[in-house]
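These notes concern the structure reproduced below.
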Amino acid sequence: MAGKRIWSSIRWKIVFIYILLVFIATSMIGVFIMSQLEAYYNDSISSNLRKTVAETTILTSIASYGDLSAHRDEIQTGLDAWARTLQNEIFVVDGHWEIIAATNEYKGQSAHGVLEETLIFKILNGEYDEYGEYDAIYSRDGEDIPTKSVAFPITDDTGETEGVLYFRTDMTEIQKTINEAKLIFVRAMAPALFITVILGFLIARSITVPINDVTKKAERMARGDFSQEVSVKSDDEIGRLAEMFNLLRIELDRTVSEISSEKSKLEAILKNMADGLIAVDLSGHIIHANPAAREMLKFGENDIENKHYDRIIEKYTENLSLKTVIRNCTNGAAMDTFIYGGATYTVRYDRFQDENGADIGIIMLLQDVTEQQKLENMQTDFVANVSHELKTPLTTIKSYTETLLLDGLESDRNTAMEFLKIVDAEADRMNRLVKDLLQLSRLDYKQEKWYKKEGNLILLLSAAVKKMEMMARSKEQHLNVLFDEDAHIQVDMDRDRIEQVVLNVLSNAIKYTNEKGRIDIDAYKAGRNARIIVGDNGIGIPENQISRVFERFFRVDKARSRSAGGTGLGLAISRQIIEEHKGFIEIESKEKKGTRVTITLPLAPHRGRQNIE
Ligand code: ADP
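Under my numbering, read the sequence shown as residues 767 to 1379, first letter to last.
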């Protein structure tokens, strides 16, 4: 494993290749030089011999004897003279392969087994015109001696080969010299290779160190750390690589941070948007569902992994199964609505594509439109209520005027007066209704003009109580003032509007309390607020309807309210007025026991602080 890692490292590959190249190059040079040296020695021996033979009379004098065997002694004498100047063994072989003269003990023997037979054979056969050569190892006294044989044909006048003049040179010394040269070469090669290893290592290091640096930093970059800078200052390819790496790092850093900031923006939008967003791939796997969607469809973040889209949606509606949804939006975006748990949801969906334009999934936008729906219903109800409320007095007026017209002037004057009173009262009611409606509309569209200034709430309350005393007295009720009429509760207010609210609450207390009932009115400061309490021991409101009394036209008992002159808009208007003053109005009630209305208004800033002290 470790070995494999070493060889897969570029450093060791370079060192190895470098050594191999140097080794091959030096070996080739060595082999070439050695073979040239050997060839040179060989050539010089044979060319020296040839030169000697050519320049001297040795060959011609032997040839001049004609019959070689007959002149053995003369030839031997000649050879002996020659042997003194030449360091070779010299043989003269006649046409019958007999060594007729020799500078050694082989004289008189057959050339077979002593001299190179092929060479002699070829020369005697006339295959060589001038000379023949042969290298061989020759064994003497059990010792191998390398030799070189050069043989010349001895020809007579007719050109016929009579015999062979044969030189044999002992090459031991030359071979020794060559071997020594080889040894010197090999010895020189070893340190050269050692230096090569060191140099190769250094060169490889100069390449691999910066590459390793780049690799390490690229690894860290892959893990998201973009603070890495490669510090290679060289001017070569490695320097360019480092420069490019640094450039890449800056670009990547910029792009990644741009992408991640875009991503976190998008995530923040998806996370915080009130509408639910679901992305589903074509196989039903949920790719994304934002918290709003998970909340609406009641599934956890972990379910995204495990649950198929159909498993989740099937609880709510059948119309939004994956198959239906895909089919419905083949021609573009589609929409559907479903109701679950009292809430109404609209779902808009469309396909989304990959960069090649192929459909990869469906994106859905879920909106909880319950409130909107309620509002729409309220609006429809409001129109119906208004029409109804206007129609009731109109019908009464119409029927009484018709009767009056029919009876004409002959009718009973008292009855006619009675009728006209009713018509008048109904017209008043219509007037009140229209006035209330106009005020509500002004409040809704923020067109009501406010004349706010600091004033004493106690004075306002005392005046309002006085105005209502008549009405209370008619029912033998007692308006019980609990607050100190000399106190000061300063509030920033539009006097007329606040008085309108107080009168409405007081008149309700009177209206919905039986005769001889008791109505308590109190006012005090509570922290930074002023509080007005109107309590009665009247008919009260059923518990399940208390929350609805601020709705427009809501009345617990329509007939009672109407006969008491109510429009059903009083509390709705009162709440808008109090809220405009940054206060709030609350109602507590127990059926058959009584009702308590609390109005809270902020104290005027300056006075308020003094009062707390
Ligand atoms: P209305 O003109 O009918 O009085 P409001 O908006 O003032 O309209 O009041 C709405 C309904 O709240 C009344 O119809 C009545 O049923 C109920 N309500 C208001 N005040 C009282 C109260 N003090 N006691 C009992 N019921 C009340």
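The C-beta atom is built at its ideal place from N, Cα and C for all residues, glycine as well.
Query: In the DSSP assignment, what residue or residues form a beta bridge with THR935?; Result: LYS914
Query: Tell me which residues share the same chain as ILE964 and place their Cβ nearer than 6 Å to its Cβ, disregarding the 5 neighbours each side in the sequence.; Result: none
Query: Quick check on the burial criterion: 16 or more other C-beta atoms within 10 angstroms. Buried or exposed for GLY1301?; Result: buried
Query: Would you kindly report the start and end of the unbroken beta strand (DSSP E) that includes GLN853?; Result: Note, GLN853: premise wrong, no beta strand (DSSP E); not H, not E.
Query: Please state whether DSSP places ARG1263 in a helix, a strand or coil.; Result: helix
Query: Counting pairs of Cβ atoms below 8 Å between the region 1210-1220 and the region 1258-1266, do you hit three or more?; Result: yes
Query: Of all the options ARG1006, GLY966, LYS1324, THR938, which has the alpha carbon lying nearest to the alpha carbon of LYS914?; Result: THR938
Query: Note the first and the last residue of the continuous beta strand (DSSP E) segment covering ILE1299.; Result: 1295-1302
Query: Kindly indicate which three-state DSSP category TYR1290 falls into: helix, strand or coil?; Result: strand
Query: Kindly indicate which three-state DSSP category PHE1350 falls into: helix, strand or coil?; Result: strand
Query: To which residues does DSSP link ALA867 through a beta bridge?; Result: VAL858
Query: With a 10 Å radius around its C-beta and 16 neighbouring C-beta atoms as the bar for buried, classify LEU1186 as buried or exposed.; Result: exposed
Query: Would you check whether the ligand ADP has a heavy atom nearer than 7 Å to the C-beta of LYS1277?; Result: yes
Query: Could you compute how far the alpha carbon of ALA877 sits from the alpha carbon of MET955?; Result: 45 Å
Query: Mind checking which residues open and close the beta strand (DSSP E) that includes ILE1312?; Result: Here ILE1312 belongs to no beta strand (DSSP E), and DSSP marks it neither H nor E.
Query: Examine the ligand ADP and report whether any of its heavy atoms sits within less than 7 Å of the Cβ of LEU1367.; Result: no
Query: For the region 1042-1054 against the region 1018-1034, do three or more pairs of beta-carbon atoms, one drawn from each stretch, fall closer than 8 Å, so that the two count as touching?; Result: no
Query: So is PRO1159 buried or exposed if we call it buried at 16+ other beta carbons inside 10 Å?; Result: buried
Query: Could you tell me if the beta carbon of LEU1335 falls within a distance shorter than 7 Å of some heavy atom in the ligand ADP?; Result: yes
Query: Measuring CB atoms only, is the region 1136-1151 touching the region 1160-1175, in the sense that at least three cross pairs come out at less than 8 Å?; Result: no
Query: Please report the distance separating the alpha-carbon of LYS817 from that of ASP839.; Result: 25 Å
Query: Taking 7 Å as the cut-off, does the CB of THR1158 come closer than this to any heavy atom belonging to the ligand ADP?; Result: no
Query: Which residues in the same chain as VAL944 place their Cβ atom closer than 8 Å to its Cβ, once the five residues preceding and following it in sequence are excluded?; Result: Correcting the residue type first, residue 944 is Ile in the shown sequence and not Val. The answer, listed in chain order, is MET800, LEU803, GLU804, TYR807.
Query: Pick from LEU1223, MET1196, ASP1047: whose alpha carbon is nearest that of GLY1127?; Result: ASP1047
Query: Let's see if you can read the secondary structure: which residues bound the beta strand (DSSP E) around ALA1045?; Result: 1042-1047
Query: Excluding the 5 residues flanking PHE782 on each side, which residues of the same chain have their C-beta closer than 7 Å to its C-beta?; Result: none
Query: Is ASP1323 a contact residue of the ligand ADP, with contact defined as CB to any heavy atom under 7 Å?; Result: yes
Query: Span of the alpha helix (DSSP H) holding ALA829?; Result: 824-829
Query: I believe LEU1227 touches ALA1296 by the beta-carbon criterion, under 8 Å. Please report the beta-carbon distance rounded to the nearest angstrom.; Result: At roughly 10 Å, the Cβ-Cβ gap does not stay under 8 Å, so LEU1227 and ALA1296 are not in contact.
Query: Beta carbon of SER1313: closer than 7 Å to some heavy atom of the ligand ADP?; Result: no
Query: Tell me which same chain residues have a C-beta within less than 6 Å of the C-beta of ILE1079, skipping the five on either side of it?; Result: LEU1086
Query: So, do the region 1231-1249 and the region 1324-1341 have three or more beta carbon pairs nearer to each other than 8 Å?; Result: no
Query: Can you tell me which residues form a DSSP beta bridge with HIS1054?; Result: ALA1045
Query: Given VAL1152, which residues of its chain have a CB within under 7 Å of its CB, disregarding the five upstream and five downstream residues?; Result: LEU1203
Query: Indicate the three-state DSSP secondary structure (helix, strand or coil) for LEU1272 in the structure shown.; Result: helix
Query: What would DSSP say about ALA1001, mapped onto helix, strand or coil?; Result: What sits at residue 1001 in the sequence shown is Asp, not Ala. If DSSP states are grouped into helix, strand and coil, ASP1001 belongs with coil.
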